[in-house]
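2 protein chains.
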Amino acid sequence: MSTIEQVALLAKVSVATVSRVVNNSAKVSDDTKQRVLNAIEKLNYQPNAFGTFLRKINSNMVLILIHSVDNPFFSQIVQGIEKVAHEHDYNILIGNTYGDLEREQRYIKMLKNHLLDGIVLISNTLDKSSLSQLHSSYPIVQVVEYIPDSNTSYFSIDFYKASLELMEAIIARKHKKIAFIHTGSSCIISATEKFRAYQDALTKHGLPIITNTIEEHLFGYASARYLTRKVLSEHPDVTGFFTTSDLLAVGVIEELRNKGFNVNQDVFVTGFDNTIFSSISKPSFMTVDLDSFKLGMNAMQHLIDRIKNPEEKEAVASLQEYTLITNK
Amino acid sequence: MSTIEQVALLAKVSVATVSRVVNNSAKVSDDTKQRVLNAIEKLNYQPNAFGTFLRKINSNMVLILIHSVDNPFFSQIVQGIEKVAHEHDYNILIGNTYGDLEREQRYIKMLKNHLLDGIVLISNTLDKSSLSQLHSSYPIVQVVEYIPDSNTSYFSIDFYKASLELMEAIIARKHKKIAFIHTGSSCIISATEKFRAYQDALTKHGLPIITNTIEEHLFGYASARYLTRKVLSEHPDVTGFFTTSDLLAVGVIEELRNKGFNVNQDVFVTGFDNTIFSSISKPSFMTVDLDSFKLGMNAMQHLIDRIKNPEEKEAVASLQEYTLITNK
DNA sequence: TTGTAGGCGTTATCAA
DNA sequence: TTGATAACGCCTACAA
Chain A
1 MSTIEQVALL AKVSVATVSR VVNNSAKVSD DTKQRVLNAI EKLNYQPNAF GTFLRKINSN
61 MVLILIHSVD NPFFSQIVQG IEKVAHEHDY NILIGNTYGD LEREQRYIKM LKNHLLDGIV
121 LISNTLDKSS LSQLHSSYPI VQVVEYIPDS NTSYFSIDFY KASLELMEAI IARKHKKIAF
181 IHTGSSCIIS ATEKFRAYQD ALTKHGLPII TNTIEEHLFG YASARYLTRK VLSEHPDVTG
241 FFTTSDLLAV GVIEELRNKG FNVNQDVFVT GFDNTIFSSI SKPSFMTVDL DSFKLGMNAM
301 QHLIDRIKNP EEKEAVASLQ EYTLITNK
Chain B
1 MSTIEQVALL AKVSVATVSR VVNNSAKVSD DTKQRVLNAI EKLNYQPNAF GTFLRKINSN
61 MVLILIHSVD NPFFSQIVQG IEKVAHEHDY NILIGNTYGD LEREQRYIKM LKNHLLDGIV
121 LISNTLDKSS LSQLHSSYPI VQVVEYIPDS NTSYFSIDFY KASLELMEAI IARKHKKIAF
181 IHTGSSCIIS ATEKFRAYQD ALTKHGLPII TNTIEEHLFG YASARYLTRK VLSEHPDVTG
241 FFTTSDLLAV GVIEELRNKG FNVNQDVFVT GFDNTIFSSI SKPSFMTVDL DSFKLGMNAM
301 QHLIDRIKNP EEKEAVASLQ EYTLITNK
């Protein structure tokens, strides 16, 4: 690794001049500039970012913390974030946490060590007080998933309201026995709100709650099929399925068709997030579109505001519009 | 932001002692240690990584460059990489390039600026000579997609051989007219090798090549459906479909079923990569499983070797086993 | 056990 | 237009 000093030596100039050439930060006469450029070329010199950042204070790097890269739902959010980031000259990095606190802490340490200017949490594992504390000292923002009353800004939708609407849609189709199908963490806000709406809608209409279907499973598709079999064996008269994600809906539908049900006729299934899975599913099902691109943009914009204006600590809570749709 | 000096001042010790406490690097008497810890606590001190790294030379950060987070195929590779990285105490970051050279260059700049210890390229946009040059100065490795003869290590499978086997499977089922369905970049190695195998297999068996179906489209599923319609209108007697990815296969199948074909009976479709799409597809189709977890592990291991042993420049080319499977 | 001081590679200020 | 030089925050001989 060559340093600015070696370049200066070879070009017979001072390090200051080399720096000026590299950053185009001040006028340098044409022939000294050429000498410097030649030296840079010859030594294959590349400035060491740590030296630079040590002076500059900030790195212009922002990290997105997601559960795992394989959730198709994150793609649009990430693109929204990247759009705004790009416009403001921030570099975006992504880290997988797999819901593992230790991994998450490793990334958060990069923030605390001033290696990152900020973090966008798409799903986080920290508890309320750790999060709140982090927010009080560093620029962070939550998107989609968030911890309520954690004193930390978030951009999401009203999962409760959207779920109520889905439930009303199912009930309007005269289904009396409706099951709740969910896999994965049940303590994230989207899951708790969905379940709350599920219960409230049924209670309001005097319908039974079929709660024994909440389980923790890793592979969404397979466990959705398993849960469907389980529900049907315990409650053969169930005809409505409220699932918490599109992939689950696909699994439920497949299992129902296997059993000879005519989906959308005898039985009705809803998904969530409007991912590729709801586009390719035959038959189609009702799902919720979040405009996650916009969520990502807004969150990133907010994060940048915080980075540029660190004294402003007040948490912002924004719940954006969504739409119920059925693809094709 | 508080510095080591402020901590030293408050604790009435030297910065050296603070450093020793922070890094547990040498014996410090219990009560000075306590004083230092108190000061750290009070000032909410976190060491600045730039100062540290400036001394340490390397950052223990490795970047994975992928096309986009929404390709389900990358998930296993990333997990393989992360497993090995974790074991060797490297931090993994991910960057989306979207096939955009400028974005890719921004990330590569981080490598050149010594911010990163190495890069894993899952898909890259650089041309052969740039890549080769990069490899000669920095630790990089290619996984799955690679540029042949670029003097850069890669870990992948023999796409040509796998595709030949798929073609033989189609032909063995008595299909005489077989179309090639592909969207996205056609200059990546996986695409060229698949197409070469497609042609060679047909030639070998004296069957016609139906080439006019290669087009560039963004959304795999929709364009697969479009291409299928196009093929069928131009060549109504086509009964075999060799597609370059599982999502394309799903699109082709949907279109075929729409047209009243009995898939796996009248017509036969193959996919590639054994992603979630091949698991959920009904009917099922034949696809290729790459053991991408292992590919990721091997690539990362190689990268670490290079990071630790930078003089070793010889490129390693490894083509790993794969399996043809039909889910369920 | 603790402190002093030099250096990691860069940028920015001040003179020349 | 150019050059010395003092930071930036940290670590580590070396000394005490």
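Protein sequences, first through last, are from chains A and B. Start counting the first sequence at 1; every next residue gets the next number (this note's numbering). Start counting the second sequence at 1; every next residue gets the next number (this note's numbering). We put the CB at the ideal spot given by N, CA and C, even for glycine. Keep in mind that this is a model prediction, so the values were computed, not measured.
Check	Outcome
Spatial neighbours of alanine 222 of chain B in its chain, beta-carbon cut-off 8 Å, leaving aside the 5 residues before and after	Gly251
First and last residue of the uninterrupted beta strand (DSSP E) at phenylalanine 268 of chain B	268-270
Cβ of methionine 300 of chain A within 8 Å of any chain B Cβ	no
Among A:Phe180, A:Asn327, A:Ala191, the one whose alpha carbon lies nearest that of proline 208 of chain A	A:Phe180
Any chain B beta carbon closer than 8 Å to proline 236 of chain A	no
Between the CA atoms of proline 283 of chain B and glycine 184 of chain A - distance to the nearest angstrom	27 Å
Beta-carbon proximity of isoleucine 170 of chain B to phenylalanine 242 of chain B, cut-off 8 Å	yes
Beta-bridge partners of aspartate 289 of chain A, as assigned by DSSP	A:Thr323
Whole-Å CB distance - leucine 96 of chain B paired with valine 78 of chain A, under 8 Å assumed	First, the amino acid is wrong: residue 96 of chain B is asparagine here, not leucine. Contact holds; Cβ gap of about 7 Å.
Isoleucine 119 of chain B: first and last residue of the uninterrupted beta strand (DSSP E) it sits in	118-121
Simplified DSSP assignment, three categories, for tyrosine 98 of chain B	coil
Cβ contact check for the segment 288-302 of chain A and the segment 143-161 of chain A: 3 or more pairs under 8 Å	yes
For histidine 182 of chain B, three-class secondary structure by DSSP	strand
Chain-ordered neighbours of serine 279 of chain B on chain A, where CB pairs are closer than 7 Å	Tyr221
Assigned exposure category for alanine 26 of chain B - 16 Cβ within 10 Å defines buried	exposed
Ranges of the beta strand (DSSP E) found wholly within the segment 48-97 of chain B, counting only runs of at least 3	61-66, 91-96
Pairwise C-alpha distance: isoleucine 64 of chain A and leucine 303 of chain A	11 Å
Cross-chain neighbours of glutamine 46 of chain A in chain B, by beta carbon under 8 Å	Lys112, Asn113, His114
At least three beta-carbon pairs within less than 8 Å, the segment 102-116 of chain A to the segment 94-110 of chain B	no
Residue(s) in a DSSP beta bridge with alanine 317 of chain A	A:Tyr154
Residues, ordered as in the chain, of the segment 259-283 of chain B that lie near chain A by beta-carbon distance below 7 Å	Ile276, Ser279, Ile280, Lys282
Option in B:Met167, B:Thr211, B:Ser19, B:Glu321 with minimal Cα separation from lysine 230 of chain B	B:Thr211
Contact the segment 50-59 of chain B vs the segment 53-61 of chain A: 3+ CB pairs below 8 Å	yes
Nearest-angstrom Cα separation, counted from glutamine 46 of chain B out to tyrosine 146 of chain A	26 Å
Glutamine 199 of chain A versus lysine 259 of chain B: straight-line alpha-carbon distance, rounded	42 Å
Where threonine 17 of chain B falls: helix, strand or coil (DSSP)	helix
CB contact check: isoleucine 304 of chain A to chain B, cutoff 8 Å	no
Buried or exposed (CB count within 10 angstroms, at least 16 for buried), proline 310 of chain B	exposed
Closer than 7 Å at the beta carbon, the chain B residues around glycine 51 of chain A	Leu54
Cβ-based burial, threonine 270 of chain B [other Cβ within 10 Å; buried from 16]	buried
Secondary structure of valine 338 of chain A, DSSP reduced to three states	With chain A running from 1 to 328 in the structure shown, residue 338 of chain A is simply not present.
Three-state class that DSSP yields for isoleucine 280 of chain A in the structure shown	helix
Valine 144 of chain B in three-state terms, based on DSSP	coil
Segment limits, alpha helix (DSSP H) that includes glycine 240 of chain B	No alpha helix (DSSP H) holds glycine 240 of chain B; the beta strand (DSSP E) holding it covers 240-243.
Cβ shell of serine 163 of chain B (< 7 Å), same chain only, five flanking positions each side left out	Glu193, Lys194, Ala197, Tyr198
Proline 385 of chain B at chain A interface by Cβ criterion, 8 Å	Because residue 385 of chain B is not part of the residues shown, which for chain B are 1 to 328, the question remains open.
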